[in-house]
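Okay, structure first, notes after.
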Amino acid sequence: MELGVGLQVDKKQGFLLEGLKALTKALCKNNAINSFSIHQLRLNKEEGRLLADVLCTNTTLLSLDLGHNKLGSEGGKALADALCQNSTLTSLNLSHNLIRQQGEQALAEALCKNTTLMSLNLHNNFIQLEGALADALCKNTTLISLNLGCNGLTSKVGQILADVLCKNTTLISFDLSHNNLRLKGGKALAKMFFNTSLIDLNLENNNIGFKGENALEKALKDACHENIKLTSLKLQVWEFLVYYIG
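Counting in the numbering used here, the sequence shown runs from 5 upward without gaps.
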């Protein structure tokens with residue numbers, strides 16, 4: 005049995021660029037560490053590129069957590085380009101990194117090429133999801149967990165996502181909480197209930213409103229006759245109202 009070896013760096017350790025250079029150089033050659041977390045260090049685009057080099061050369065890393073680092077579009081793009089070459093990483097956390105549209109485009113290309121990534125966290129990155137990334141989700145066949153929470157996604161995006169989920173057959177867990185999908189987006193997302201792979205769907209805090217909630221409730225009842233896999237649905241129309249279906 006293989007034992008996992010992890011390495012974690014956080015802001016309390018006062019990590020500087022030279023230290024990161026030495027660390028990433030070592031990780032490029034290391035064949036034991038399979039989990040690496042470098043959290044809340046406010047890394048810049050240059051440091052993002054250093055971490056991208058690790059993904060291009062390391063062949064054992066399975067999980068990479070870069071949350072809360074503000075890598076920006078260029079840092080996100082460098083990591084996305086590296087994902088196109090990497091064939092071992094299964095989990096990537098890029099939450100709170102200000103990736104925006106340029107980084108989103110690069111990630112879309114990566115998801116079309118990468119065949120090993122199963123979990124991707126893009127929480128709070130100001131992405132729009134109106135083009136390439138949505139298309140990539142239709143084509144990708146390995147991703148099973150996706151977090152797009154807190155990205156300001158609109159009702160238009162909700163309709164796009166509904167079409168995506170009707171075509172995607174592998175996504176199991178999808179977090180869309182804390183966006184702005186509103187009534188129209190909520191109604192469109194009712195199509196998701198007919199997806200045959202989805203098990204966990206989070207739509208909390210999306211300004212869906214009472215009418216949207218009713219539409220989702222009706223769609224869920226209809227879908228339950230066909231989809232026996234959806235076991236968890238979270239809605240929060242009012243602050244105290246949360247549904248768990250299971």
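Cβ atoms here follow ideal geometry from the backbone N, Cα and C, with glycine treated the same way.
Excluding the 5 residues flanking E22 on each side, which residues of the same chain have their C-beta closer than 6 Å to its C-beta? none
Looking at the structure shown, is S236 part of a helix, part of a strand, or coil, going by DSSP? strand
Between Q132 and chain C, is the shortest Cβ-Cβ distance under 8 Å, so that the two count as touching? Although the question refers to chain C, the structure presented lacks it and comprises just one protein chain.
Keeping to the same chain, check which residues put their C-beta closer than 7 Å to that of T120; ignore five residues upstream and five downstream. S91, T92, L93, T94 and T146
Comparing C-alpha positions only, which one of C170, K238, L68 and L54 sits nearest to D179? K238
Could you check where the alpha helix (DSSP H) with I37 kicks off and where it finishes? Note, I37: premise wrong, no alpha helix (DSSP H); not H, not E.
Exposure label - K81; buried when at least 16 CB within 10 Å: buried
Continuous alpha helix (DSSP H) stretch holding S201: start and end: No alpha helix (DSSP H) contains S201, which DSSP labels as neither H nor E.
Report all residues from its chain with a CB closer than 8 Å to the CB of R186; omit the five preceding and five following residues, and keep chain order. T158, S159, G162, N210, N211, I212, G213 and G216
Does DSSP put S159 in a helix, in a strand, or in coil? helix
Beta-bridge pairing of D69 - partner residues as DSSP gives them: S41 and N97
Backbone secondary structure at S77 - three-state DSSP: helix
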